[in-house]
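First comes the structure, then the notes that go with it.
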Amino acid sequence: MDPSFRIRQYPLDRGAMEIEFIEEFFGEFERKKTAAEIRARLAGREHGIFMVEAPLPEEPTRFIPVCYRVAHELRAAETDPQLADLVARLDGAVRFHGQRVLYGWLGGTRSDWRGQGLFRAVSEFQEDWAAEQGFREVVVKTKNRYYAMRSALVHLNFDVIQYERNAMHNGESKLYLSKRLGGGVGRTWRRSEARFRTA
Ligand SMILES: CC(C)(COP(=O)(O)OP(=O)(O)OC[C@H]1O[C@@H](n2cnc3c(N)ncnc32)[C@H](O)[C@@H]1OP(=O)(O)O)[C@@H](O)C(=O)NCCC(=O)NCCS
């Protein structure tokens, strides 16, 4: 167990504010999410906001969020136009009837903390939570040009289920990936759990 990090689930308001703050550190995102957008998307639908907290180098007793994952339920009949569009794009690739589907909406690790297994840890934590809530599949969306995220998702055993080619810029082409959860085969061994504590 590595006492340097801990994983927590955040309530909506605090989580939305922390994500707005943490996304300021991501050069990769052209449009960062605001706390208001996050609250609007997540309020009224089942969701999970998970953060890895690490001690500040200059103040080791103070922990700050350095890695996060946010996911919410995605249903066949969405009224939010963005989510309805997403469901339409997943048509034929994801089964929405007879199972609960989780959409892994946001996530990342602050650059100074990358390469230490934090994203794996928070992802595995989120998957256990999702399986306990009865979700059977987690779906994520990324772009060709996000090489680190694509690599991380491959390492986390996500399968590509859909590809949308951008004719002008292939880096902007969209990839949809998915992973089955639980399914009655029992909880799988978690690579990260020997190293991180949860709170
Ligand atoms: C992708 C990202 C989340 C990885 O975070 P991280 O905390 O460094 O990831 P981890 O250390 O937990 O690595 C998880 C797995 O992915 C692999 N991985 C992570 N980054 C990688 C990279 N750049 N190249 C190759 N493999 C990589 C690791 O080897 C690890 O696999 P393993 O556990 O089987 O060894 C981080 O680089 C990031 O936030 N990038 C920016 C986010 C982004 O581009 N988002 C685009 C919108 S979808």
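In my numbering, the protein residues as written are 673 to 871.
Note that beta-carbon positions come from the ideal geometry of N, C-alpha and C, so glycine has one too.
Exposure of residue i, with buried meaning 16 or more beta-carbon neighbours within 10 Å
i	result
E725	buried
L728	exposed
T781	buried
R741	buried
M723	buried
E695	buried
G687	buried
Y819	exposed
V733	One detail in the question is off: residue 733 reads as Thr in this sequence, not Val. With fewer than 16 Cβ atoms within 10 Å of its Cβ, T733 is classed as exposed.
F677	buried
V794	buried
Reduced DSSP secondary structure (H/G/I, E/B, other) of residue i
i	result
A688	helix
Y819	helix
L762	coil
P727	strand
E695	helix
A748	coil
Q681	strand
E809	strand
M673	With a pLDDT of 44 at M673, under the threshold of 50, the predicted position of this residue should be treated as unreliable, and no value is reported.
R703	coil
F722	strand
R767	coil
L714	helix
Those residues which DSSP pairs with residue i across a bridge
i	result
Q834	Y848
V773	L746, E809
G780	Y740
T814	L847
F735	P727
Point to revise | Those residues, in chain order, that have a beta-carbon closer than 5 Å to some heavy atom of ligand 1 | key: Every residue whose beta carbon comes nearer than 5 Å to a heavy atom of ligand 1 appears here in chain order: E700, G780, T781, R786, G787, G789, L790, F791, R792, T814, Y818, A820, M821, S823, A824, H827.
Review point. So does the stretch 784–795 actually touch the stretch 711–720, counting three or more Cβ pairs closer than 8 Å?
Key: No, the stretch 784–795 does not touch the stretch 711–720.
Check your understanding: Any chance the stretch 803–819 sits against the stretch 768–785, with 3 or more Cβ pairs inside 8 Å?
Key -> Taking 8 Å as the limit for Cβ pairs, the verdict is that the stretch 768–785 does touch the stretch 803–819.
Check your understanding: Does the stretch 745–754 come within contact of the stretch 828–838, defined as at least 3 CB pairs closer than 8 Å?
Key -> Result no; under three Cβ-Cβ pairs closer than 8 Å.
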